[in-house]
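Number of protein chains: 2
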Amino acid sequence: MAVLDIGEVAERSGVAPSTLRYYEEIGLISSLWRRGLRRQFGADVLLRLSLIAMGKAAGFSLEEIAGIFGRDGRPDIPRDQLRTRADELQRQMIELRTLRDILRHVADCPAPSHLECPTFRKLMQAASRRKLVYRPSVRRSGVRRAAP
Amino acid sequence: MAVLDIGEVAERSGVAPSTLRYYEEIGLISSLWRRGLRRQFGADVLLRLSLIAMGKAAGFSLEEIAGIFGRDGRPDIPRDQLRTRADELQRQMIELRTLRDILRHVADCPAPSHLECPTFRKLMQAASRRKLVYRPSVRRSGVRRAAP
DNA sequence: CTACGAATTCAAGTCGACTTGAGGTCAAGC
DNA sequence: GCTTGACCTCAAGTCGACTTGAATTCGTAG
Chain A
1 MAVLDIGEVA
11 ERSGVAPSTL
21 RYYEEIGLIS
31 SLWRRGLRRQ
41 FGADVLLRLS
51 LIAMGKAAGF
61 SLEEIAGIFG
71 RDGRPDIPRD
81 QLRTRADELQ
91 RQMIELRTLR
101 DILRHVADCP
111 APSHLECPTF
121 RKLMQAASRR
131 KLVYRPSVRR
141 SGVRRAAP
Chain B
149 MAVLDIGEVA
159 ERSGVAPSTL
169 RYYEEIGLIS
179 SLWRRGLRRQ
189 FGADVLLRLS
199 LIAMGKAAGF
209 SLEEIAGIFG
219 RDGRPDIPRD
229 QLRTRADELQ
239 RQMIELRTLR
249 DILRHVADCP
259 APSHLECPTF
269 RKLMQAASRR
279 KLVYRPSVRR
289 SGVRRAAP
């Protein structure tokens, strides 16, 4: 039970086998050993995949995630950089909250043009006053699961 | 002063001119008119760019952003979808907070392996218990500014 | 022993979001 | 009138993160 092959990891984590192979290739995860050709993973890979998923959700590239959580297990990057990252996340959370509020407002406000709605403008001002955390290009693609 | 050409928009927003052209091409922003060949933008494009930047930071694709904020100005997508999006953002914020805490912990904890640190495991459990918001691939590339 | 299904490799393809480069236009200043 | 600089177009290139497909290799069940 402690050893999983790729299909099980895929099923439990929602990460496609091809992606798992890719992650192993770039050193983001590793298998314990092979049985024949087949990779055998330890259960801790699931934890690591959660970490990776969170990192991705937070806008880090795979390379950065590898740096933060270490290919080996411990961070490659200096502690104060980690703290800086944490502070960036903090700011990003605030931005997310603003966007959440804007979305809710847009969903509810009956004004024909939001540019004329004072509530909207107020929300936007909060956003435009501070400098943006500008992280391009997040693709949305939902959790993949192995076909049943 | 109400009319900006592309260089000014780029400078004020931190978005490269080539990107602005691209955004116009896909209908995400629009210029008021041309003077000769040159695009002339209204100041409200800056607000729109903030919105776009926030959307990107939150993990939306450009297409989704276009849907949310409307090519014309008003959302293309139904109100309840907007609310759903807002709720997703809410969950994403929680994930971000967890990751922030993990980062801070990793920065400060002297344990040789975090997998053995109880604080770390506790943080991770919070993360792995709920199903992930899995949004692949955010590139980080910082705010570009025109060279001085 | 053989057939099956789940895994493997490797090269190539895809997708979104831009960027780059070559060659062209235009208004303003000397 | 010519140069300069800021803009333009259009096609092609790039980058990260995967996915796909064809051909192959196992291990188990019958």
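If you read the sequences in order, they're chains A and B. Under our numbering, read the first sequence as residues 1 to 148, first letter to last. Under our numbering, read the second sequence as residues 149 to 296, first letter to last. Don't be surprised by glycine CBs; every beta carbon is placed ideally from N, CA and C.
Would you verify that the beta carbon of A146 (chain A) is, or is not, closer than 8 Å to some beta carbon of chain B? Because the pLDDT of A146 (chain A) is 32, which lies under 50, any placement of that residue in the model is unreliable, and the question is left without a value.
By the 8 Å beta-carbon criterion, what residues does the stretch 54-68 of chain A contribute toward chain B? M54, G55, K56, A57, A58, G59, F60, S61, E64, I68
Look up G59 (chain A) in the DSSP assignment and say whether it is helix, strand or coil. coil
Are P55 (chain A) and I68 (chain A) close, meaning C-beta to C-beta below 8 Å? According to the sequence displayed, residue 55 (chain A) carries Gly and not Pro. Yes, the Cβ-Cβ distance between G55 (chain A) and I68 (chain A) is below 8 Å.
How far does the alpha helix (DSSP H) with G155 (chain B) in it reach, from first residue to last? 154-161
Best match in B:R182, B:E173, B:I174 for proximity to V151 (chain B) [C-alpha to C-alpha]: B:R182
Buried or exposed (CB count within 10 angstroms, at least 16 for buried), Q240 (chain B): The residue is buried, with at least 16 neighbouring Cβ atoms inside 10 Å.
Classify S13 (chain A): buried if its beta carbon has 16 or more other beta carbons within 10 angstroms, exposed otherwise. buried
In three-state terms, what does DSSP make of R74 (chain A)? In the three-state DSSP reduction, R74 (chain A) falls in the coil class, being neither helix nor strand.
Which chain B residues sit within Cβ distance under 8 Å of T98 (chain A)? The CB of T98 (chain A) comes closer than 8 Å to the CB of M202 in chain B, given here in chain order.
Stretch pair the stretch 78-87 of chain A + the stretch 190-200 of chain B: three plus CB contacts closer than 8 Å: no
Confirm, please, whether the CB-CB distance from L96 (chain A) to I65 (chain A) is below 8 Å. Result no, Cβ atoms of I65 (chain A) and L96 (chain A) do not sit closer than 8 Å.
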